[in-house]
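Presented below is the structure to which this report refers.
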Amino acid sequence: MPEVRLVGPNGEQVGIVRIEDALRLAQEADLDLVEVAPQARPPVCKLMDFGKFKYESAQKARESRRNQVLTVIKEQKLRPKIDSHDYETKKRNVVRFLEHGNKVKVTIMFRGREQSRPELGFRLLQRLAEDVEELGFVESSAKQDGRNMIMVLAPHKNLKPKPKATEGADSDELSESSTEEP
């Protein structure tokens, strides 16, 4: 006679019973008999409302998907012969991306004879990594990929991402500062 270990609707152990008795108990309680551990000896079955169980597990799955952190990779492109002001602007963009908790893919694009001097691009990437080391670290070191050299920066784990500023808040700050002047 096949037997199962039966668990009640509140999680209490009923014991080892015959399948027919377990089905009868489920029918009397207006519940379903669900096999929760088929590999166990004897198999474990539980008395529960299966529709409610499916709904709750779907809710848990939806909640866990909502709580997942979405990793965004931003890209910043540079040239090996970049002016200092342009470099500062690009660096400011990288800093902003890292502050918001995004990874940054930094690409150095070589053209023409620049391809024969990859060390220029490598030094530029090293300089950028040193300039932003308090906000992020080099996740993937500089690699030559055809006519491009690529490095990936990631924010430090302990760095709290800054919330994206809304345009309304910025305009309020401007109006307050302009009214403070005599």
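By the UniProt record's numbering, the letter at position 57 of the sequence shown is numbered 57, and the numbering carries on one by one without gaps. Idealized CB from N, CA, C, for every residue including glycine. From a predicted model like this one, the values you see are computed outputs, not experimental measurements.
Would you kindly report the start and end of the unbroken alpha helix (DSSP H) that includes residue i?
i       : result
Ser-64  : 50-66
Lys-77  : First-last for Lys-77: 73-78, but that is the beta strand (DSSP E), not the alpha helix (DSSP H).
Leu-94  : A small fix is needed here, since residue 94 is Val in this sequence, not Leu. Here the alpha helix (DSSP H) through Val-94 covers 84-99.
Arg-127 : 118-131
Kindly indicate which three-state DSSP category residue i falls into: helix, strand or coil?
i           : result
Gly-11      : coil
Val-138     : strand
Pro-155     : strand
Leu-174     : The predicted position of Leu-174 is uncertain, since its pLDDT is 45 and thus under 50; a value taken from the coordinates is nonetheless stated next. Correct three-state label for Leu-174: helix.
Ala-40      : coil
residue 185 : Any answer about residue 185 is impossible in this case: the structure gives the chain only from 1 up to 182.
Arg-113     : helix
Val-69      : coil
Asn-102     : coil
Output the boundary residues of the beta strand (DSSP E) element that contains residue i.
i      : result
Ala-29 : Run containing Ala-29: none; DSSP gives neither H nor E here.
Apart from the five residues just before and just after residue i, which ones in its own chain have a Cβ nearer than 7 Å to its Cβ?
i      : result
Glu-75 : Lys-105 and Thr-107
Phe-50 : Asp-32 and Val-34
Gln-13 : Val-7
Asp-83 : none
Below 8 Å CB to CB, which residues in the same chain sit around residue i once its five sequence neighbours on both sides are set aside?
i       : result
Ser-140 : Ile-150, Met-151 and Val-152
Glu-3   : Ile-16, Val-17, Arg-18, Ile-19 and Pro-42
Count the other CB atoms within 10 Å of the CB of residue i; is the residue buried (16 or more) or exposed (fewer)?
i       : result
Pro-38  : exposed
Val-94  : buried
Arg-5   : buried
Ala-26  : buried
Gly-136 : buried
Ser-178 : Note that Ser-178 scores 45 on pLDDT, short of 50, meaning its location in the model is unreliable and no value can be drawn from it.
Val-132 : buried
Could you name the residues of the same chain whose beta carbon sits closer than 6 Å to that of residue i, not counting the 5 residues immediately before and after it, in chain order?
i       : result
Phe-110 : Arg-147
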